[in-house]
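Chemist: Last residue of the sequence shown: 605 (my numbering), numbering continuous. Please find one structure pasted underneath; my questions will follow.
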Amino acid sequence: MSDLHHRSTLDDAFYGWLLSDHPDAKAEREWRRGTHLQRERGTAADIAAWADRVSAAPGRHTQMARDLAATIGPMAKASAVRAEIEAAEPDDAYVARQRAEFETHMRVHWDHPVPDYWYPEHLTGPGAASYPCPPPAEPEAGA
Numbered sequence: 463m464s465d466l467h468h469r470s471t472l473d474d475a476f477y478g479w480l481l482s483d484h485p486d487a488k489a490e491r492e493w494r495r496g497t498h499l500q501r502e503r504g505t506a507a508d509i510a511a512w513a514d515r516v517s518a519a520p521g522r523h524t525q526m527a528r529d530l531a532a533t534i535g536p537m538a539k540a541s542a543v544r545a546e547i548e549a550a551e552p553d554d555a556y557v558a559r560q561r562a563e564f565e566t567h568m569r570v571h572w573d574h575p576v577p578d579y580w581y582p583e584h585l586t587g588p589g590a591a592s593y594p595c596p597p598p599a600e601p602e603a604g605a
């Protein structure tokens with residue numbers, strides 16, 4: 463298992479690199495997206511199956527369980543559809559969207575905004591392979 467799998471995206475330097483065109487960043491991003499979407503699909507399928515079982519035998523379940531099944535069953539099915547839509551998004555489109563959101567985050571971050579932040583050009587294109595993953599952030603004092 464890659465050490466990158468355990469790195470937090472709350473570390474802005476790491477997250478910025480994760481959105482880069484570095485081959486290791488792309489591989490890690492694909493692993494994270496795949497793992498996330500697999501978990502989303504599994505959770506949605508489990509919830510939808512439970513809701514279907516409750517709906518199929520209403521006399522065996524409380525009114526609260528039937529109401530819950532009626533509410534979350536369709537929501538779980540919608541979540542499964544969203545996961546499939548997310549999975550169909552190509553990596554380049556996903557990365558472009560995430561970079562734009564990251565720029566906004568950096569510009570307006572409540573703790574330390576950087577109003578003129580733009581995603582670093584050196585992390586895009588073939589040259590990004592020259593920029594390895596930044597080291598883990600040091601824990602803050604008192605944390």
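All C-beta atoms, glycine included, are put in the ideal place defined by N, C-alpha and C.
How big is the Cα-Cα spacing for W580 and R528?
Modeler: Here residue 580 is taken as the residue at index 118 of the sequence shown, counted from 1. Here residue 528 is taken as the residue at index 66 of the sequence shown, counted from 1. Near 50 Å, if we compare the C-alpha coordinates of R528 and W580.
Chemist: Given 8 Å as the limit, is there contact between the stretch 479-493 and the stretch 576-596, that is, 3 or more CB pairs closer than that?
Modeler: Result yes; three or more Cβ-Cβ pairs closer than 8 Å.
Chemist: Taking the CB atoms as reference points, tell me whether E534 and A562 lie closer together than 8 Å.
Modeler: Within the sequence shown, numbered from 1, the residue matching residue 534 stands at position 72. Within the sequence shown, numbered from 1, the residue matching residue 562 stands at position 100. A small correction: the amino acid at residue 534 is Ile; Glu does not occupy that position in the sequence shown. Not closer than 8 Å, so no.
Chemist: Report back the beta-carbon spacing between A506 and A542 to the nearest angstrom; my notes put them in contact at under 8 Å.
Modeler: Counting from one through the sequence shown, the residue named residue 506 turns up at place 44. Counting from one through the sequence shown, the residue named residue 542 turns up at place 80. With a Cβ gap of about 4 Å, A506 and A542 count as contacting.
Chemist: When we look at the beta-carbon of R469 and count the other beta-carbons within 10 Å, is it buried (16 or more) or exposed?
Modeler: Locating residue 469 in the sequence shown gives position 7, where the first residue counts as 1. R469 should be labelled buried.
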